[in-house]
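Working notes, beginning with the structure itself.
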Amino acid sequence: MRGRAPRASTRGPSRVAPRCATRSFASSGTRPCDTSARRIPVSTSSSASSQQPAPGRQPAPNRQPAPSQPAAAPQLPRLFDVHQHILPPVYLDALAAAGIDPAREDGFPTPQWGEKDARSFADGMNIGFSLLSISSPHVNWGDDAASVRLCRRLNDYASRLCAADPARYGFVATLPVPDVTAAVTEARRALALPGALAVKLPTNACGVYLGNQRLDPLMAELDARSAVVVVHPAKPSAVPQGQFAADHAPVFEFLADTTRAVLNLITSGTLDRYPRVRWIVPHCGAFIPEVVHRMQGISRVLVPAGMMASADVLSAVRTLYFDLAGDAEPVMLDALLKVADPSHLLYGSDWPYTPAPLVRQKALALFAGPHAAALEPARWRNAAALLGIN
Numbered sequence: 137m138r139g140r141a142p143r144a145s146t147r148g149p150s151r152v153a154p155r156c157a158t159r160s161f162a163s164s165g166t167r168p169c170d171t172s173a174r175r176i177p178v179s180t181s182s183s184a185s186s187q188q189p190a191p192g193r194q195p196a197p198n199r200q201p202a203p204s205q206p207a208a209a210p211q212l213p214r215l216f217d218v219h220q221h222i223l224p225p226v227y228l229d230a231l232a233a234a235g236i237d238p239a240r241e242d243g244f245p246t247p248q249w250g251e252k253d254a255r256s257f258a259d260g261m262n263i264g265f266s267l268l269s270i271s272s273p274h275v276n277w278g279d280d281a282a283s284v285r286l287c288r289r290l291n292d293y294a295s296r297l298c299a300a301d302p303a304r305y306g307f308v309a310t311l312p313v314p315d316v317t318a319a320v321t322e323a324r325r326a327l328a329l330p331g332a333l334a335v336k337l338p339t340n341a342c343g344v345y346l347g348n349q350r351l352d353p354l355m356a357e358l359d360a361r362s363a364v365v366v367v368h369p370a371k372p373s374a375v376p377q378g379q380f381a382a383d384h385a386p387v388f389e390f391l392a393d394t395t396r397a398v399l400n401l402i403t404s405g406t407l408d409r410y411p412r413v414r415w416i417v418p419h420c421g422a423f424i425p426e427v428v429h430r431m432q433g434i435s436r437v438l439v440p441a442g443m444m445a446s447a448d449v450l451s452a453v454r455t456l457y458f459d460l461a462g463d464a465e466p467v468m469l470d471a472l473l474k475v476a477d478p479s480h481l482l483y484g485s486d487w488p489y490t491p492a493p494l495v496r497q498k499a500l501a502l503f504a505g506p507h508a509a510a511l512e513p514a515r516w517r518n519a520a521a522l523l524g525i526n
């Protein structure tokens, strides 16, 4: 959610600070000169005696103005980041070999990433634990065999990275859906690797959406394991052409596809049939908080008409976990808090697609903002409990 691009960029306009980051500075007047201050005249005479002070008087010290000290940067609490991405060479090379330019595919710049970059970012953000995953494009672009090979290589790479620093990293296994048989096989293999804490499923893979019964064998496997599933948006298989939101998928299409997938999970009965699967929905739930009551109301018409299976939409949403990546403040979080279980809210940075300075601004808006007290468990406790990390 991309060939290698030389520099990181934001998910949004480049290098533009959000409005919430604007600072107001009070103007200060100039202090008038203190005419009562004694002044020591400076003599131009070369005579030493002419430069001596009058008896009983000492010269005024040569005072230099104290250097101004920069304001200390606001401190962030210790954080557990469930939405952090990796872009290893094996991933970028596979995209290039398939002729896929990720920046062109999703309409968003591909950031620079490296293991040292990741450590430096986490240190600067006071992130104590990072859950690492692949973003978009998804790893299956129509060649199932290539997707299977790539998933194995990605999961092995992520496991080695996490094994080198297990107190700091865990990873989300990538699965080659919609090849369901191969996805079940890789889930069994990858979840046994060191550092594996969850699996990633895209909102759609080659047009097959979460909630499609074609995925039921995989759902059964994940349910048997009480697995954590991290949902990540993917560009829909068909979008209108020649308009901004479609050309730049993170602006709108990613949120729309997340909403579409979650509604399908609910209305298909997938959440009811596989209740032990624990789902993390990204980006403050996308549009789910805004449409859930509408969906609940419409179900009262569709169910009696035989056009929808009975579903308690509001209760289903309360079972989901939500990461707070993106622009939670000042609007989206208000809506999410009205429909989500507060113990199911998790911090997510979406780095490196969101660059470090912007990640910091967003985190401060969350944890030093009006909902800071309500979000205290989202800093660390909720994710640690979900994923079994101390």
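Residues 137 to 526 (the working numbering) make up the sequence shown, in order.
Glycine residues also receive a C-beta, built at the ideal position from the N, C-alpha and C atoms.
In this structure, the straight-line span from the alpha carbon of residue 370 to that of residue 355 is close to 19 Å. A straight line joining the alpha-carbon of residue 294 with that of residue 222 spans about 9 Å. Of the candidates 518, 219, 516, 523, 219 places its Cα closest to the Cα of residue 367. For residue 398, the uninterrupted alpha helix (DSSP H) run begins and ends at 389 to 403, by DSSP.
The C-beta of residue 448 has fewer than 16 other C-beta atoms within 10 Å across all chains shown, which makes the residue exposed. Bounds of the beta strand (DSSP E) holding residue 457 are 457 to 459. C-alpha of residue 325 to C-alpha of residue 283: approximately 15 Å in a straight line.
According to DSSP, residue pairing for residue 337 in a beta bridge involves 367. Residues 210, 212 of the same chain have their beta carbon placed closer than 8 Å to that of residue 500, with the five preceding and five following residues left out of the count. Excluding the 5 residues flanking it on each side, residue 395 has same chain C-beta neighbours closer than 7 Å at 422, 423, 424, 427, in chain order.
Residue 307 is bridged by DSSP to 268, 332. The three-state reading of DSSP puts residue 416 in strand, counting E and B together. Of the residues assessed, residue 251 falls on the exposed side of the cut-off, its CB having fewer than 16 other CB atoms within 10 angstroms. In the DSSP assignment, residue 218 falls outside any alpha helix (DSSP H) and within the unbroken beta strand (DSSP E) covering 215 to 221. Between residue 291 and residue 441, the alpha-carbon positions lie close to 46 Å from each other. Secondary structure note for residue 257: its alpha helix (DSSP H) is the uninterrupted segment 251 to 261.
Nearest in C-alpha terms to residue 398, of all of 381, 388, 417, 383, is 417.
Counting only runs of 3+ residues, the beta strand (DSSP E) found wholly inside the segment 447 to 515 occupies 457 to 459, in chain order. In the DSSP assignment, residue 344 forms a beta bridge with 341. When 406, 231, 296, 348 are compared, the shortest CA-CA separation from residue 332 is found for 296. The shortest C-alpha to C-alpha distance from residue 334 to any of 487, 386, 364 is the one to 364. Assigned with DSSP and collapsed to three states, residue 283 falls in helix.
Between the segment 477 to 490 and the segment 252 to 272, the count of Cβ pairs shorter than 8 Å is three or higher; the stretches touch.
Here DSSP, grouped into helix, strand and coil, assigns residue 361 to coil. Here residue 518 carries a helix assignment [DSSP, helix/strand/coil].
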